[in-house]
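**Student:**
Residue numbers (full-length UniProt numbering): 1 to 324.
#1: Nearest to residue 271 by alpha carbon, out of 39, 204, 306?
#2: Confirm, please, whether the CB-CB distance from residue 308 to residue 280 is below 8 Å.
#3: Does the stretch 21-36 come close enough to the stretch 206-220 that 3 or more CB-CB pairs lie under 8 Å?
#4: So the alpha helix (DSSP H) residue 33 belongs to, where does it begin and stop?
#5: May I have a chain-ordered list of the beta strand (DSSP E) segments no shorter than 3 residues that lie completely inside the stretch 105-154?
#6: Apply the 10 Å Cβ neighbour rule to residue 229 and answer buried if 16 or more other Cβ atoms are within range, or exposed otherwise.
#7: In terms of DSSP beta bridges, what is residue 207 paired with?
#8: Looking at the structure shown, is residue 96 part of a helix, part of a strand, or coil, going by DSSP?
#9: Would you mind sorting residue 62 into buried or exposed? The rule is 16 or more other CB atoms within 10 Å of its CB.
#10: Could you compute how far the alpha carbon of residue 106 sits from the alpha carbon of residue 113?
#11: What does a CB cutoff of less than 6 Å around residue 18 pick up in its chain, not counting 5 residues either side in sequence?
#12: When the distance is taken between beta carbons, is residue 276 closer than 8 Å to residue 258?
#13: Give the secondary structure of residue 81 by DSSP, where H, G and I count as helix, E and B as strand, and everything else as coil.
#14: Which residues does DSSP list as the beta-bridge partners of residue 301?
#15: In terms of alpha-carbon separation, which member of 268, 290, 2, 304 lies closest to residue 251?
#16: Quick check on DSSP: helix, strand or coil for residue 264?
#17: Rounded to the nearest angstrom, what separates residue 104 and residue 215 at their Cα positions?
#18: Going by CA-CA distance only, name the one from 310, 273, 200 that's closest to residue 11.
#19: If you draw a straight line from the C-alpha of residue 248 to the C-alpha of residue 256, how long is it?
#20: State whether the stretch 176-192 contacts the stretch 134-146, with contact taken as three or more CB pairs (one from each stretch) at a distance under 8 Å.
#21: What would DSSP say about residue 6, mapped onto helix, strand or coil?
#22: Closest to residue 221 by CA distance: which of 101, 14, 58 is it?
#23: Buried or exposed for residue 152, going by 16 or more other Cβ atoms inside 10 Å?
#24: Is residue 57 helix, strand or coil by DSSP?
#25: Along the chain, where does the beta strand (DSSP E) containing residue 291 start, and where does it finish?
#26: Give me the residue from 111, 55, 278 with the minimum Cα distance to residue 128.
#27: Residue 217: which of 170, 262, 285, 67 sits nearest, CA to CA?
#28: From residue 116 to residue 164, what does the alpha carbon distance come to, in whole angstroms?
#29: What first and last residue would you give for the alpha helix (DSSP H) that runs through residue 49?
Structure below.
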């Protein structure tokens with residue numbers, strides 16, 4: 001069985017970090033658009049975007065199970081780069097790197113388009129940047145508050161595990177196909193046997209909403225080694241909605257009950273507004289009322305304020321009140 005092996009030294013373990021990549025989500029949203037069948041949880045999203053396919057060059061470099069050029073979604077240099085910064089990084093990719101990666105694409109969709117891009121990699125790079133930006137705006141941006149909230153919640157959860165139990169415990173819990181073996185992180189099965197000595201480059205751990213049912217690793221130089229895994233809670237991300245018990249809705253009102261039920265993971269006002277199709281000011285008023293009733297607490301995380309259920313709020317939302 002082929003495996004991908006990331007071999008770490010002690011110094012690499014000190015340079016392990018989490019990151020978020022809007023462009024990674026965009027490239028994988030394009031991949032999901034091409035073949036949504038393995039991702040039934042994305043069906044409601046696909047039904048909304050199916051009438052506006054991505055541009056032809058971006059589709060041409062998407063192999064159903066093969067290599068997609070890494071320069072289209074380079075590992076982020078910082079924890080949470082903006083999509084504008086990431087697009088600028090793609091635009092700065094040297095043409096020889098673009099050509100080398102395009103030569104690895106299996107041109108199963110449009111061989112002529114891939115050959116034309118290889119012949120003029122600088123023009124291809126610039127055209128692909130424009131198509132990436134368009135795909136971001138149409139396929140990901142409308143859902144980005146919910147996607148970002150899910151990714152942030154995953155990073156917060158695993159950061160707590162990292163502090164409590166160490167990196168080995170975190171890696172072992174990312175996905176059943178990822179395991180810690182000695183000084184190596186092993187991913188199996190993989191398409192080919194690949195080994196990358198981290199050599200002090202460290203490792204990026206990147207949760208993704210669109211990567212499931214796969215896991216992925218960026219192992220080729222010059223990119224920083226990156227391990228991409230499915231974020232927790234993707235099942236209800238883009239189509240499913242929280243439901244509230246009928247007695248809870250009668251007690252709190254339907255909207256407040258839905259918001260409370262939706263806070264199984266901490267969330268911001270903006271993310272809740274996007275999920276429920278409400279104005280942020282409306283959600284803010286409901287959150288204040290729930291907080292005043294002792295059902296929620298708030299905690300600042302950087303520039304954001306996230307709300308989470310108190311034990312009483314969790315008991316009400318999940319029907320765990322004594323005597324039931």
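Glycine residues also receive a C-beta, built at the ideal position from the N, C-alpha and C atoms.
**Tutor:** So, from the data block:
#1: Your numbering for residue 271 matches position 271 in the chain shown. Nearest option by C-alpha distance: 306.
#2: In the chain shown, residue 280 corresponds to position 280, counting from 1. In the chain shown, residue 308 corresponds to position 308, counting from 1. Cβ distance not < 8 Å, so residue 280 and residue 308 don't count as in contact.
#3: yes
#4: Counting from 1 along the chain shown, the entry for residue 33 is found at position 33. 22-34 is the span of the alpha helix (DSSP H), which, as asked, contains residue 33.
#5: Counting only runs of 3+ residues, no beta strand (DSSP E) is found wholly inside the stretch 105-154.
#6: Within the chain shown, the letter at position 229 stands for residue 229. Burial call: buried.
#7: Translated into positions along the chain shown, residue 207 becomes position 207. Bridge partners of residue 207: 229.
#8: Sequence index remark: in the chain shown, residue 96 carries index 96 (1-based). Reduced to three states, the DSSP call for residue 96 is helix.
#9: Within the chain shown, residue 62 is the residue found at index 62, counting from 1. Counting the other Cβ atoms within 10 Å of the Cβ of residue 62 gives 16 or more, which makes it buried.
#10: Walking along the chain shown from the start, residue 106 turns up at place 106. Walking along the chain shown from the start, residue 113 turns up at place 113. Rounded to whole angstroms, residue 106 to residue 113 spans 12 Å at the Cα level.
#11: Residue numbering aside, residue 18 sits at position 18 when the chain shown is read from its first letter. Within the same chain, residue 18 has close Cβ partners 155, 205.
#12: Stepping through the chain shown from its first residue, residue 258 is reached at position 258. Stepping through the chain shown from its first residue, residue 276 is reached at position 276. Yes.
#13: As a working mapping, residue 81 is identified with position 81 in the chain shown. Here residue 81 sits in coil by DSSP.
#14: Taking the chain shown and counting its residues from 1, one reaches residue 301 at position 301. Residue 301 is bridged to 304.
#15: Within the chain shown, residue 251 is the residue found at index 251, counting from 1. Here the closest residue by C-alpha is 290.
#16: Walking along the chain shown from the start, residue 264 turns up at place 264. Here residue 264 sits in coil by DSSP.
#17: As a working note, residue 104 is residue 104 in the chain shown. As a working note, residue 215 is residue 215 in the chain shown. Taking the straight line joining both Cα atoms gives about 20 Å.
#18: Position 11 of the chain shown, counted from the start, is the residue given in the question as residue 11. With respect to the C-alpha of residue 11, the residue from 310, 273, 200 having the closest C-alpha is 200.
#19: Position 248 of the chain shown, counted from the first residue, corresponds to residue 248. Position 256 of the chain shown, counted from the first residue, corresponds to residue 256. Cα to Cα, residue 248 sits roughly 9 Å from residue 256.
#20: no
#21: Here residue 6 refers to the residue found at position 6 of the chain shown. Note: residue 6 maps to strand in three-state DSSP.
#22: In the chain shown, counting from the first residue as 1, residue 221 sits at position 221. Comparing Cα positions, the closest option is 101.
#23: Within the chain shown, the letter at position 152 stands for residue 152. Result: buried.
#24: Working through the chain shown from its first residue, we reach residue 57 at position 57. Residue state, collapsed to three classes: helix.
#25: For this step, residue 291 is matched to residue 291 along the chain shown. From DSSP, residue 291 is part of no beta strand (DSSP E) but of the alpha helix (DSSP H) over 280-292.
#26: Position 128 of the chain shown, counted from the first residue, corresponds to residue 128. The alpha carbon of residue 128 has as its nearest neighbour, out of 111, 55, 278, the alpha carbon of 55.
#27: The sequence position of residue 217 within the chain shown is 217, counting from 1. With distances taken between Cα atoms, residue 217 lies closest to 67.
#28: Here residue 116 is taken as the residue at index 116 of the chain shown, counted from 1. Here residue 164 is taken as the residue at index 164 of the chain shown, counted from 1. Approximately 52 Å between the Cα atoms of the pair.
#29: Against the chain shown, residue 49 aligns to sequence position 49. Per DSSP, residue 49 belongs to the alpha helix (DSSP H) from 43-49.
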